[in-house]
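Q: Sequence positions in the sequence shown follow the numbering used here and run 1 to 80.
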Amino acid sequence: DDLDLPACDFLCLDIEGFELAALKGATKTIAKYRPVIQFEDKGMSERYGVAKGEAVSWLTVTHDYKVRGYAMNDVLMVPL
Numbered sequence: 001d002d003l004d005l006p007a008c009d010f011l012c013l014d015i016e017g018f019e020l021a022a023l024k025g026a027t028k029t030i031a032k033y034r035p036v037i038q039f040e041d042k043g044m045s046e047r048y049g050v051a052k053g054e055a056v057s058w059l060t061v062t063h064d065y066k067v068r069g070y071a072m073n074d075v076l077m078v079p080l
């Protein structure tokens, strides 16, 4: 959100377990632009305390997104 982007259609994250933190940091951007979001979701519970599926659940509940597909450890989510 600190970037104050003029637009955002697609958000792609692969930041080794910090995806949920980054998504939470982009709450206003996600709410404003409703981008398609792709991120790695393999769970990093031992290292960072984030379980697999936690970011998916957060986007589903908080921003009304749904899973559109998976590719290996990546998940693609779209707004409803």
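All C-beta atoms, glycine included, are put in the ideal place defined by N, C-alpha and C.
Give the range of the alpha helix (DSSP H) segment to which Lys32 is assigned.
A: Residues 27-33.
Q: From the DSSP output, read off the bridge partner residues of Ala71.
A: DSSP lists Asp74 as partners of Ala71.
Q: Measure the alpha-carbon distance for Leu5 versus Arg47 and round it to whole angstroms.
A: Linking Leu5 to Arg47 through their CA atoms gives a straight-line distance of about 31 Å.
Q: According to DSSP, is Lys52 helix, strand or coil?
A: coil
Q: Output the boundary residues of the beta strand (DSSP E) element that contains Cys12.
A: 10-13
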